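Structure first, commentary second.
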Amino acid sequence: MRWLAVAAACAGCVLAQNFADIKVEKVAGGFRFTEGPVWSREGFLLFSDVPDNKILKLEPGEGKPSVFRDRSEGANGNTFDAQGRLYSCESVSRRVTRTDKKGTIEVLAEKWEGKRLNAPNDIVVRKDGHVWFTDPAFGAQADHRELDFFGVYHITPKGELKLIAKPKGRPNGIALSANGRVLYVANSDERNIRAYDVDRNGEVSNERIAIGNIDGPPDGIRLDEKGNLYVTANALLVYAPDGRLLTKIDMAETPANCTFGDADFQTLYVTARTSVYRVRLGVKGAVQY
Numbered sequence: 135m136r137w138l139a140v141a142a143a144c145a146g147c148v149l150a151q152n153f154a155d156i157k158v159e160k161v162a163g164g165f166r167f168t169e170g171p172v173w174s175r176e177g178f179l180l181f182s183d184v185p186d187n188k189i190l191k192l193e194p195g196e197g198k199p200s201v202f203r204d205r206s207e208g209a210n211g212n213t214f215d216a217q218g219r220l221y222s223c224e225s226v227s228r229r230v231t232r233t234d235k236k237g238t239i240e241v242l243a244e245k246w247e248g249k250r251l252n253a254p255n256d257i258v259v260r261k262d263g264h265v266w267f268t269d270p271a272f273g274a275q276a277d278h279r280e281l282d283f284f285g286v287y288h289i290t291p292k293g294e295l296k297l298i299a300k301p302k303g304r305p306n307g308i309a310l311s312a313n314g315r316v317l318y319v320a321n322s323d324e325r326n327i328r329a330y331d332v333d334r335n336g337e338v339s340n341e342r343i344a345i346g347n348i349d350g351p352p353d354g355i356r357l358d359e360k361g362n363l364y365v366t367a368n369a370l371l372v373y374a375p376d377g378r379l380l381t382k383i384d385m386a387e388t389p390a391n392c393t394f395g396d397a398d399f400q401t402l403y404v405t406a407r408t409s410v411y412r413v414r415l416g417v418k419g420a421v422q423y
């Protein structure tokens, strides 16, 4: 029963966290639809402006971001791996790519059993090189589908593509726990977040609903080192590891995704429609790369 005692102690730590003084600060604006934020260990934020077909780079203290990648093929979700390589879900080309530090782009996934993916949306990479991504279809993307299902996929370090889930609703945001042993997937249609246990080989098991009845379609998700989940829906929602809603942070625009950043990894950057916001927190994010 030791794990129960640990869980109870952790819950106590979560309850002690103070959200009363949280402030939301706008750091950049004037975009069409922001998504896919990710913090680089080199000290800057990348995020996508999906309709504008760009990945943008925002450095601390700079009000105006620069263009990191033009003609991004509709890049949506982004993340880095332990080597600093950038992974992107390209909704227009309907593929997942990896870009090394020299700028060389490698296609990691674009078809399942001979049929093109729907529109890869969000992605996470574990420290050992295992990759998971979601493949829903929103809006006009649904008109060009070759697959008759929505999927959650796993790419092994050797490049093998595996289908791990075929949810009825559309999977969206995806994230890992701090220890890399639990995978979380947001389902926008079902308005819930499912959890999966993950083994050392990247195989998943024990699918369950971790959070249900979310206020609005959940999109991007992140975790902090205590196991709290930060969910972008009709507002920025913070949940305890046991699924209890801890706080609701209203924002000027509907949030789409989020990521931890800054030198101490205690700032949550939130992409929300035409802008990017930051929220200082008293807890570090779960490092996933």
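Quick note: the sequence shown uses this note's numbering, first residue 135, plus one each step. C-beta: ideal position from N, C-alpha, C; glycine also. Note that the structure is a prediction, hence the values are computed from the model and not measured.
Where residue i sits in the DSSP three-state scheme
i: residue 276; result: helix
i: residue 154; result: coil
i: residue 218; result: coil
i: residue 348; result: coil
i: residue 249; result: strand
i: residue 393; result: strand
i: residue 358; result: strand
i: residue 408; result: coil
i: residue 403; result: strand
i: residue 339; result: strand
i: residue 398; result: coil
i: residue 192; result: strand
i: residue 164; result: coil
i: residue 387; result: coil
i: residue 285; result: strand
Cβ neighbour criterion (16 or more within 10 Å) applied to residue i
i: residue 304; result: buried
i: residue 168; result: buried
i: residue 201; result: exposed
i: residue 320; result: buried
i: residue 218; result: exposed
i: residue 256; result: buried
i: residue 301; result: buried
i: residue 391; result: buried
i: residue 224; result: buried
i: residue 195; result: exposed
i: residue 411; result: buried
i: residue 185; result: exposed
Cβ shell of residue i (< 8 Å), same chain only, five flanking positions each side left out
i: residue 338; result: 288, 298, 299, 317, 330, 331, 332
Beta bridge counterpart(s) of residue i as assigned by DSSP
i: residue 321; result: 305, 326
i: residue 178; result: 174
i: residue 186; result: In DSSP, residue 186 forms no bridge with anything.
i: residue 264; result: None; residue 264 has no bridge partner.
i: residue 423; result: Bridge partners of residue 423: none, in fact.
i: residue 159; result: 412
i: residue 205; result: In DSSP, residue 205 forms no bridge with anything.
i: residue 314; result: Its beta-bridge partners do not exist; DSSP assigns none.
i: residue 371; result: 365, 382
Terminal residues of the beta strand (DSSP E) in which residue i lies
i: residue 211; result: 209–214
i: residue 232; result: 229–233
i: residue 377; result: Note, residue 377: premise wrong, no beta strand (DSSP E); not H, not E.
i: residue 292; result: Element bounds for residue 292: n/a, residue is neither H nor E.
i: residue 240; result: 239–243
i: residue 258; result: 257–259
Contacting residues, own chain, Cβ-Cβ under 7 Å from residue i (five flanking each side not counted)
i: residue 379; result: 371, 373
i: residue 311; result: 357, 361, 420
i: residue 344; result: 318, 327, 328, 329, 377
i: residue 368; result: 349, 350, 388
i: residue 423; result: 213, 214, 215, 216, 259, 261
i: residue 175; result: 218
i: residue 283; result: 300
Sequence-distant residues of its chain with Cβ nearer than 6 Å to residue i (five each side left out)
i: residue 340; result: 331
i: residue 400; result: 415, 418
i: residue 269; result: 251, 252, 254, 285
i: residue 271; result: 252, 253, 279
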